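In the working numbering, the protein residues as written are 1151 to 1353.
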């Protein structure tokens, strides 16, 4: 992975991707420009257009680098898994470190593109997430026969929001008494189980 290499070991295009990713993590899409990406990467900003033609193309590449490994992990979700197996296989990849930003998370980059991005990068992320949500819901539904499709979808979105964390996205995650982080996988699993338990709220 690129984060294991020093800045000097990255190719120029990777340096530009790394700079854009850091801006997304720290300032969001609105903080992004050709000049800012070039300046942070320590190269002439014209190299952004040389390597990627447009910022949109750069963001598509960045989306793929952060999204594809998560989607690959999620492909392990299959019918017949226990609820804990499904939840762990879903939630664990959501803790993946961002491709180039060791103190950020891939999910933060993807959420920023989906929530505030435009055009192809936004469509890429939202379509992938919507397609996966169908697979996830089908795997969870047999374990939650008391929940209708709409209620289950709402609860899964609630759990995903907990995994993403409350805005603003911070590197020093909120901690519970005793030091456990709110995004600790065991805490998230317990939260997810609780969120899926019980009767439907619409009853």
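C-beta: ideal position from N, C-alpha, C; glycine also. Just so it is clear, the structure is predicted and the values come from calculations on it, not from any experiment.
Cα atoms of residue 1208 and residue 1338: separation of roughly 32 Å, rounded to the nearest angstrom. DSSP places residue 1255 within a strand segment (E or B) once states are collapsed to three. In the DSSP assignment, residue 1186 falls within the alpha helix (DSSP H) that extends over 1184–1191.
Nearest in C-alpha terms to residue 1270, of all of 1177, 1278, 1206, is 1206. Taking one beta carbon from each stretch, the segment 1274–1282 and the segment 1251–1258 have fewer than 3 pairs nearer than 8 Å; the two do not touch. At a Cβ-Cβ threshold of 8 Å, residue 1290 and residue 1197 do not count as neighbours. Each residue's CA atom was taken as its position, placing residue 1176 and residue 1220 some 21 Å apart.
Taking residue 1226 as the centre and dropping the five residues before and after it, the same chain places the C-beta of 1239 closer than 7 Å to its C-beta, in chain order. Pairing residue 1187 with residue 1169 gives a Cβ-Cβ distance under 8 Å. Boundaries of the alpha helix (DSSP H) around residue 1269: 1269–1290.
Excluding its 5 nearest sequence neighbours in each direction, residue 1191 has C-beta neighbours in its own chain below 6 Å: 1165, 1166, 1169, listed in chain order. Buried is the label assigned to residue 1313, since at least 16 other Cβ atoms lie within 10 Å of its Cβ. Just measuring C-alpha positions, the residue of 1241, 1236, 1343 sitting nearest residue 1335 is 1241. Per the DSSP secondary-structure output, residue 1247 pairs in a beta bridge with 1255.
Residue environment: residue 1171 is assigned as buried (16 or more neighbouring CB atoms within 10 Å of its CB, all protein chains considered). Going by beta carbons, residue 1161 and residue 1193 fall outside the 8 Å limit. A direct Cα-Cα distance of roughly 32 Å separates residue 1216 from residue 1327.
DSSP places residue 1228 outside any alpha helix (DSSP H), giving it a letter other than H or E. The criterion of a C-beta distance shorter than 8 Å is satisfied by residue 1272 and residue 1263.
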